[in-house]
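Heads up, the thing below is written out as structure tokens.
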Amino acid sequence: MKIDLLNEKPFFIAELYEVLRDVIDPELGINVVDLGLIYNIEAGEDSKEINVTMTLSTPGCPMGQFITNSIWEKIKSIHADWQVDVNVVWEPEWSVDKISEHGRHQLGLE
Numbered sequence: 001m002k003i004d005l006l007n008e009k010p011f012f013i014a015e016l017y018e019v020l021r022d023v024i025d026p027e028l029g030i031n032v033v034d035l036g037l038i039y040n041i042e043a044g045e046d047s048k049e050i051n052v053t054m055t056l057s058t059p060g061c062p063m064g065q066f067i068t069n070s071i072w073e074k075i076k077s078i079h080a081d082w083q084v085d086v087n088v089v090w091e092p093e094w095s096v097d098k099i100s101e102h103g104r105h106q107l108g109l110e
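Under UniProt numbering, think of the first position of the sequence shown as 1, with each following residue one higher.
Below, the structure written as structure tokens:
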């Protein structure tokens, strides 16, 4: 699939965020986007490369590898010929403030 990222990049990135809503944190039962774990998604302008910058709820998250693998697999399922890198960072530190309004509602925090 040929993508004109110069003109379509915002839609392409939005599509990736939407696809990642299917990746559920198995401990909390909420998708990684609404949980606030996805910090940034970038797509190469001249290369077929997608970089996801994310965090986990805790450094010792027992489901961390499962979540990062699920993110990679979900993106590869729609862009199989693209290089996908999922990078876990610890700064800024995740907190409940990063949960979206929809996620807060799902958790009963509002």
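All C-beta atoms in this analysis are idealised placements derived from N, C-alpha and C, irrespective of residue type, glycine included.
For residue i, which residues of its own chain have a beta-carbon under 8 angstroms away from its beta-carbon, when the five flanking residues on both sides are left out?
i	result
Asn87	Asn51, Val52, Thr53, Met54
Ordered along the chain, which non-local residues of its own chain (more than five positions away) have a Cβ less than 6 angstroms from that of residue i?
i	result
His105	none
Glu101	none
Ile41	Ile13, Leu16, Val52
Compare the beta carbon distance of residue i and residue j with 7 angstroms and say whether it is the shorter of the two.
i	j	result
Trp94	Ser70	no
Ile30	Gly103	yes
Trp72	Lys48	no
Quick one: what's got a C-beta closer than 7 angstroms to residue i's C-beta in the same chain, skipping five residues either side?
i	result
Met1	Note that Met1 has pLDDT 44, beneath the 50 cutoff, so the model's placement of it is unreliable and no number is given.
Over the uninterrupted alpha helix (DSSP H) stretch that includes residue i, give me the two end residues.
i	result
Glu110	Segment: none, Glu110 is in no alpha helix (DSSP H) and carries neither H nor E.
Please classify residue i: does DSSP put it in a helix, a strand, or coil?
i	result
Val88	strand
Glu101	helix
Contained beta strand (DSSP E) runs [length at least 3] in the UniProt domain "MIP18 family-like" (14-86), N- to C-terminal order = For secondary structure counted as the beta strand (DSSP E) over 3 or more consecutive residues, the UniProt domain "MIP18 family-like" (14-86) holds these complete runs in sequence order: 38-43, 49-54.
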